[in-house]
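Colleague: Have a look at this one.
Residue numbers (the working numbering): 81 to 534.
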């Protein structure tokens, strides 16, 4: 790394890899090709034959991005193994198990089909550091090709067909062998995404009566009124089928939301509280608490405190959660969106594995989901997004003044979190407090200031 690392301004990588409109910006065939060449050069470490594994979700643009990435890595001298559609957590797991130097997931997660993205995983299965991403981006900007492979050293590509089967066995192994899902009726929403084949198979093989929805991807319908970003269909299906639980994954299956048997939503905060107390009871929770982001509800923090557990908050983004978990030797972390990291099993969020941990508790305790997963009453909160063009509205003095006034209004009874989205041109305005009307007023006033400046 160069000495000016900290001053290098990244323009391509966001909070979760590269993401944007397909066939535009960095996600044109040329941009993706250069990204593959640069990443391949950065991960040329040692004299061994280097290997990269590539997975993708079900977006149409994956057919364009996958071959462009492949060409870039081959030009850098890396052998490429193509896995086809697999969940992001499967990608992270297979990067380690196949002893690859680099793993790549082509996905824009919960975004609509017209977006896509590229997530990188190092040989340890963890997402790359800011410094490594900056180095890749710098090589792209410099257009360096003097370190590309000689003709005889070009990489090769092959496709394997059993990646899904490997993940299925891994996921099943995270549920205790003494437990069975026999007799449990599950509505499973796969968001027409990467988990549409493997996730229903896992639950069925564990004995569940599975009612799948969102399992007919066509390249365009990923996350379209299905999945964890649109859980209403899943909640309605729970009531329709009289199911015991509903499980909604997102497009790349690294996050999950749950519905109880009454059709009520269980978000990531409640899931974290449920799993944390169970792990503490079993003596499996390390570090005396969990990690979440600044978006975690104050009710979660209060609940954990009552149980003698701490909450470490990070910037928004699962990789920041993971970094804090590793730094503090903790094995549980996540986000309200349902991105839960169980590091005893995985290096990144895994929606299906998280759901299996909840299902295990439901079976063990022999109680309905509504009782197992409702751990605290959340503080009233409100999140609104304001789209902007051009410069950052948060730098405007009028917006800064509105935020300062909001914080003063809430005082010690609440808090605000106002930030730029890492994946879209949005300002996210969130506030929470014990007074719902006050929360609504504060959020609306800050949003109005941002809109005037946008």
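Every residue gets a Cβ at the ideal spot worked out from N, C-alpha and C, and that includes glycine. Source: prediction; values computed, not measured.
With a cut-off of 8 Å, do at least 3 Cβ pairs link the region 139-146 to the region 104-112?
Modeller: Output reads yes: the region 104-112 touches the region 139-146.
Colleague: Would you report the Cα separation of residue 157 and residue 117, rounded to the nearest angstrom?
Modeller: Each residue's Cα considered, the two are about 9 Å apart.
Colleague: For residue 315, which of 304, 303 and 328 has the nearest alpha-carbon?
Modeller: The candidate whose alpha carbon is nearest that of residue 315 is 328.
Colleague: In or out: residue 286 buried (at least 16 other Cβ within 10 Å) or exposed?
Modeller: Counting Cβ neighbours within 10 Å, residue 286 comes out buried, since at least 16 surround it.
Colleague: Around the Cβ of residue 235, are there at least 16 other Cβ atoms within 10 angstroms (buried) or fewer (exposed)?
Modeller: Buried.
Colleague: How do the region 266-274 and the region 293-307 stand: do at least 3 beta-carbon pairs fall below 8 Å, yes or no?
Modeller: As far as the Cβ criterion goes, the region 266-274 touches the region 293-307, which means the pair count is three or higher.
Colleague: Should residue 250 and residue 181 be called a contact, given that it needs their Cβ atoms to be closer than 7 Å?
Modeller: No; because the gap between Cβ atoms is not below 7 Å, this pair is not in contact.
Colleague: Since I believe residue 430 is in contact with residue 334 (beta carbons under 8 Å), could you give me their beta-carbon distance rounded to a whole number of angstroms?
Modeller: With a Cβ gap of about 6 Å, residue 334 and residue 430 count as contacting.
Colleague: Evaluate the contact criterion for the region 159-174 versus the region 125-140: three or more CB pairs, one atom per stretch, below 8 Å.
Modeller: Flag = yes, the region 159-174 and the region 125-140 touch.
Colleague: With DSSP collapsed to three states, give me the class of residue 299.
Modeller: Correct three-state label for residue 299: coil.
Colleague: Within 10 angstroms of the Cβ of residue 308, are there 16 or more other Cβ atoms? Answer buried if so, exposed if not.
Modeller: Label assigned to residue 308: buried.
Colleague: Taking just the CA atoms, how far does residue 344 sit from residue 524?
Modeller: Cα to Cα, the separation comes out at about 27 Å.
Colleague: Under a three-way DSSP split, which group does residue 410 fall into?
Modeller: If DSSP states are grouped into helix, strand and coil, residue 410 belongs with coil.
Colleague: If you run the structure through DSSP and keep just helix, strand and coil, what is residue 333?
Modeller: In the structure shown, residue 333 sits in coil (DSSP, three-state: anything other than H, G, I, E or B).
Colleague: How close, in whole Å, do the beta carbons of residue 302 and residue 273 come, if the pair is a contact with beta carbons under 8 Å?
Modeller: Going by Cβ atoms, the distance from residue 302 to residue 273 rounds to 5 Å, so yes, they are a contact pair.
Colleague: Mind checking which residues open and close the beta strand (DSSP E) that includes residue 185?
Modeller: Counting along the chain, the beta strand (DSSP E) containing residue 185 begins and ends at 182-186.
Colleague: Please report the Cβ distance between residue 536 and residue 275, rounded to the nearest whole angstrom; I am assuming they are in contact, meaning their Cβ atoms lie under 8 Å.
Modeller: Beyond the ends of the chain as shown, which are 81 and 534, falls residue 536; an answer cannot be given.
Colleague: Can you give the Cα-Cα distance for residue 184 and residue 478, rounded to whole angstroms?
Modeller: Those two C-alpha atoms are separated by around 42 Å.
Colleague: Below 7 Å between beta carbons: does that hold for residue 413 and residue 396?
Modeller: Contact flag unset, no.
Colleague: What is the DSSP secondary structure of residue 196, counted as helix, strand or coil?
Modeller: Note: residue 196 maps to strand in three-state DSSP.
Colleague: Skipping 5 residues on each side, what residues in its chain have a beta carbon closer than 7 Å to that of residue 466?
Modeller: Here the set comprises 506, 507, 509, 527, 530, 531 and 534.
Colleague: Grab me the residues of residue 114's own chain with a C-beta within less than 8 Å of its C-beta, minus the 5 sequence neighbours each way, in chain order.
Modeller: So the qualifying residues of the chain are 152, 220 and 223.
Colleague: Going straight from the alpha carbon of residue 441 to that of residue 362, what length do you get?
Modeller: Between residue 441 and residue 362, the C-alpha separation is close to 12 Å.
Colleague: In angstroms with no decimal places, state the Cα-to-Cα distance between residue 375 and residue 233.
Modeller: So the two alpha carbons sit approximately 48 Å from each other.
Colleague: Could you spell out the range, first to last residue, of the beta strand (DSSP E) harbouring residue 127?
Modeller: Residue 127 -> no beta strand (DSSP E), and no H or E assigned at all.
Colleague: If you draw a straight line from the C-alpha of residue 218 to the C-alpha of residue 456, how long is it?
Modeller: Taking the straight line joining both Cα atoms gives about 46 Å.
Colleague: Would residue 428 pass as a contact of residue 119 if the rule is Cβ separation under 7 Å?
Modeller: It is not a contact, given that the beta carbons lie outside the stated cut-off.
Colleague: Within 10 angstroms of its Cβ, does residue 377 collect 16 or more other Cβ (buried), or is it exposed?
Modeller: That one is buried.
Colleague: Can you list the beta strand (DSSP E) stretches of 3 or more residues lying completely in the region 369-412, in chain order?
Modeller: With a minimum length of 3 residues, the continuous beta strand (DSSP E) runs that stay inside the region 369-412 are 369-373 and 390-394.
Colleague: For the beta strand (DSSP E) that residue 304 lies in, which residues bound it at each end?
Modeller: Note, residue 304: premise wrong, no beta strand (DSSP E); not H, not E.
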